[in-house]
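Only one structure is covered here, and it is reproduced in the block below.
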Amino acid sequence: MSEFKNIEIRPMKIEDYDEIFAMWQITTKRALSDADSRENIEFYLNRNPGMSQVALVDGKIVGTVLCGHDGRRGFIHHMAVAEEYRRHSIAKRMALTALDALEKDGIKKTHIFCYTNNNLGQSFWTALGWKKRDDVFVFSYTNK
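Going left to right, the sequence shown walks through residues 46 to 189 as the working numbering numbers them.
Okay, here's the thing in structure tokens:
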């Protein structure tokens with residue numbers, strides 16, 4: 046059980062942006078881009094109300110998960126827990142809260158992108174019952 050007695054999981058708000066962006070910059074293996082601008086995160090939160098979560102300990106944001114869907118598949122991005130708060134089930138609680146929100150919207154299948162060198166992330170998702178797929182590749186395109 047966690048030694049932190051005041052862990053709160055709540056929906057992410059755009060007012061959290063400065064604190065979450067600062068955390069993303071110091072957590073490992075984060076791929077930040079223009080898609081993570083305040084304006085784009087606000088759009089994402091408004092498009093997927095209540096799905097993205099933050100974890101707080103004594104009022105300080107120590108974890109994040111962006112969660113949303115396209116109407117048929119769910120997606121999780123930027124699952125992060127500050128290093129000193131890991132191994133206290135914070136990520137698991139955020140993931141389950143996000144998945145519950147997706148299920149309430151009728152979404153049955155969810156994907157996460159996990160870097161090949163992110164062994165900690167791969168272990169985490171595998172332990173939660175997620176299956177690694179080797180039958181697909183991710184291709185990206187950026188509009189000019």
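Ideal placement from N, C-alpha and C gives every residue a C-beta, glycine not left out.
A quick note: this is a predicted structure, and the numbers were derived from the prediction, not measured.
Original post:
What are the partner residues of Gly20, as DSSP defines its beta bridges?
Top reply: Because the chain in this structure spans residues 46 to 189, residue 20 falls outside the shown range and cannot be described.
Original post:
How many angstroms separate the CA atom of Leu173 from the CA atom of Ser134?
Top reply: Walking along the sequence shown from the start, residue 173 turns up at place 128. Walking along the sequence shown from the start, residue 134 turns up at place 89. When rounded, the distance between both Cα atoms is 11 Å.
**OP:** Consult DSSP for Lys105 and reduce its assignment to one of helix, strand or coil.
**Re:** Taking the sequence shown and counting its residues from 1, the one referred to as residue 105 is at position 60. It is a strand residue.
**OP:** Rounded to whole angstroms, what's the CA-CA distance from Thr187 to Leu77? Just pull it up for me.
**Re:** Counting from 1 along the sequence shown, the entry for residue 187 is found at position 142. Counting from 1 along the sequence shown, the entry for residue 77 is found at position 32. For Thr187 and Leu77, the distance between alpha carbons rounds to 15 Å.
Original post:
Can you tell which of Thr72, Gln98, Gly151 and Asp79 has its C-alpha closest to the C-alpha of His114?
Top reply: To locate residue 114, count along the sequence shown from 1; it is residue 69. Nearest C-alpha to His114: Gly151.
Original post:
Nearest to Val181 by CA position, among Ile157, Val110 and Ala143, is which residue?
Top reply: Sequence index remark: in the sequence shown, residue 181 carries index 136 (1-based). Closest option to Val181, Cα to Cα, is Ile157.
Original post:
Cα separation between Gly119 and Val107?
Top reply: On the sequence shown, residue 119 is found 74 positions in, with the first residue counted as 1. On the sequence shown, residue 107 is found 62 positions in, with the first residue counted as 1. Looking at the two C-alpha atoms, the distance is approximately 23 Å.
Original post:
Short check: CB of Val102 to CB of Met139, under 8 Å?
Top reply: Taking the sequence shown and counting its residues from 1, one reaches residue 102 at position 57. Taking the sequence shown and counting its residues from 1, one reaches residue 139 at position 94. No; because the gap between Cβ atoms is not below 8 Å, this pair is not in contact.
Original post:
DSSP state of Asp139, grouped into three classes?
Top reply: Residue numbering aside, residue 139 sits at position 94 when the sequence shown is read from its first letter. According to the sequence shown, residue 139 is Met rather than Asp. Met139 falls in the helix class under three-state DSSP.
Subject >> Pick from Lys58, Phe66 and Gly95 that is closest to Asp145, judged by C-alpha positions >> reply: Taking the first residue of the sequence shown as 1, we reach residue 145 at position 100. Nearest option by C-alpha distance: Gly95.
Original post:
Are the beta-carbon atoms of Pro56 and Ser82 separated by less than 8 Å?
Top reply: Along the sequence shown, one-based indexing puts residue 56 at 11. Along the sequence shown, one-based indexing puts residue 82 at 37. Result no, Cβ atoms of Pro56 and Ser82 do not sit closer than 8 Å.
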